[in-house]
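Reading through the structure tokens given below for one structure.
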Ligand code: AMP
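In the working numbering, the protein residues as written are 292 to 822.
What follows is the structure, given as structure tokens:
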């Protein structure tokens, strides 16, 4: 299901949605800023002209393999310069990247690649712990649609740059701005991950609106440490700087390797996810503040101390709430410190619409009261790919995020704060673990009778998964569960990291599993263990 025509017309007439594909938008920026840095990282640097030419050439190589516009391509890569090159090359070849994680394994990839009918699988060689190239070949065996394994960093054959440009232009000519550009994965609320279709015009607009509210210009140098092929990576890291001719400073997530690069590259703006809330305490942060103008924090509540230490040196500190389904809330730069510290701000688009509803109803709650954040707008999905999930939307198309929020009026802004969630997932340092998906897998263990996966607090990652189990009398250990999930080839970040065996599962008065009670129980246990 896609945007109703009346909304498409409205978004386009308002000048929010453009008429170009993402590849053409990037090429337009590259033509306007040919000698500016577009992308730098530990492996080197590329100006806009270089990145444009290189991605044209790689796009031709992809097309020459027989891959055709519209073909979905599973992408499993990390924060490497070549990952961004491949991203634009795929789009220039008219292919549709499917943004999976390098950490996904057979359980996830087999399902996603079949659901979307993937034709190719792009992997990075030399990753730690697994040979993804070999993995991709294994996955391709007996796959109904998979035809090619693409290896990141392989040099494409030489082609005349004008010929390559002509070829890309011909491909792009056949693609519309409202066609699907990318599939993102939903954190999800039920068993299997859902695919989110992102369209060329709305996805690029999402990035442009984000760059605009942060006041970025072609002089900005934007640091990015969290996974680049996540939604936040693509929007905030790749596309947003490239909507204004700015430079992406791409690093990996480790602060000790990231900080020297951010400092050396005179980074002006950076996004820190929850796992990087320690960054302001890093010895090199004092050097970084000399160039930092804007710092965005995202993923968890911001303490007064974090806010103050991040702002030392004069950077404007703010917050972002974002999701692969669309909706972005950001604290306006000129808003008061109170708003920027205690809320995630306001929608980034003038045509975003937000309602905070009594969960399960269409009844709005008053300001200052907590309800479910629901939204509709020029970059928020209207339906998942291939599945009908009417319960995820209100009758008039507002997406029910599953996050709990409240509106507070501060300095005339109706600012939102995130107050929890009703969707059953665990946010492990930004990676979402779908509880139901893991529980179903745990129930497949021969001795497990009942299973509940709940969040336990973790100082670094925010949350980790703890499994509450009843068994048939045979004790089940954490190692047993991990062996079980390893045998099912489930991504490691989803594996429970603690087990609590119980006689009977805590239940609510109406007989449902009482996950709140379990989270409270494990939180108390952890506190007493530390004490
Ligand atoms: P994803 O689709 O992986 O980007 O994850 C989106 C989800 O991350 C949201 O629905 C929230 O549950 C969570 N999230 C994103 N930003 C924030 C934030 N600033 N504070 C709390 N939770 C957040």
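For each residue, glycine too, the CB sits at the ideal point set by N, CA and C.
For clarity, every value in this text was computed on a predicted model and none was experimentally measured.
- In chain order, 797 place their CB closer than 6 Å to the CB of residue 808, counting only its own chain and leaving out the 5 sequence neighbours on each side.
- Taken in chain order, the complete beta strand (DSSP E) segments of 3 or more residues contained in the stretch 574-602 are 585-589.
- Not a single heavy atom of ligand 1 lies less than 7 Å from the C-beta of residue 577.
- Taking 3 residues as the shortest admissible run, the stretch 661-697 contains the following complete beta strand (DSSP E) segments, listed from N- to C-terminal end: 662-667.
- Relative to ligand 1, residue 718 has its C-beta within less than 7 Å of a heavy atom.
- Distance from the CA atom of residue 612 to the CA atom of residue 721, rounded to whole angstroms, is 12 Å.
- Not one heavy atom of ligand 1 falls within 7 Å of the beta-carbon of residue 457.
- One alpha carbon belongs to residue 440, the other to residue 358, and they sit about 11 Å apart.
- Secondary structure at residue 501: helix, using DSSP grouped into helix, strand and coil.
- The beta carbon of residue 562 lies closer than 6 Å to those of 527, 587 in the same chain, with the five residues before and after it left out.
- The Cβ neighbour count for residue 567, taken over all protein chains shown within 10 Å, is at least 16; the residue is labelled buried.
- In the DSSP assignment, the residues bridged to residue 644 are 667.
- A distance below 7 Å between beta-carbons, with the five flanking residues on each side excluded, links residue 363 to the following residues of its chain, in chain order: 387, 389, 407, 408, 409, 410, 474.
- Taking 8 Å as the cut-off, the Cβ atoms of residue 572 and residue 600 count as close.
- Taking a C-beta distance under 8 Å as the contact criterion, residue 767 and residue 738 qualify as a contact pair.
- About 5 Å separates the beta carbons of residue 507 and residue 537, which is inside the 8 Å limit, making them a contact pair.
- Put simply, the backbone Cα of residue 698 is about 15 Å away from that of residue 643.
- The three-state secondary structure of residue 532, taken from DSSP, is helix.
- In terms of CA proximity to residue 605, 580 leads the group 580, 590, 598.
- Distance from residue 704 to residue 630 at the Cβ level is roughly 6 Å; contact confirmed, criterion being Cβ atoms closer than 8 Å.
- Given a length threshold of 4 residues, each whole run of the alpha helix (DSSP H) inside the stretch 377-436 is given here in chain order: 397-407, 423-431.
- In this structure, DSSP gives residue 450 a state outside helix and strand, which the three-state scheme calls coil.
- One alpha carbon belongs to residue 620, the other to residue 556, and they sit about 28 Å apart.
- Secondary structure of residue 324 (DSSP, three-state): coil.
- Per DSSP, the beta bridge partners of residue 336 are 331.
- Remark: the shortest separation between the CB of residue 589 and any heavy atom of ligand 1 falls under 7 Å.
- Taking the Cα positions, residue 421 is about 39 Å away from residue 684.
- A distance criterion of 7 Å places the beta-carbon of residue 485 beyond contact range of ligand 1, judged by its closest non-hydrogen atom.
- In the DSSP assignment, residue 730 falls within the unbroken alpha helix (DSSP H) covering 726-733.
- A straight-line Cα-Cα distance of about 15 Å links residue 665 and residue 639.
- Residue 749 sits in a strand when the DSSP states are folded into three classes.
- Contact annotation: residue 468 and residue 309 have beta-carbon atoms nearer than 8 Å.
- Only residues of its own chain outside the window of five on either side were considered, and among them 455, 456, 459 have a CB closer than 6 Å to the CB of residue 347, listed in chain order.
- Apart from the 5 residues on each side of it in sequence, residue 412 sits with its Cβ closer than 6 Å to the Cβ of 365, 427, 440 in its chain, given in chain order.
- DSSP lists 412 as the beta-bridge partner residues of residue 440.
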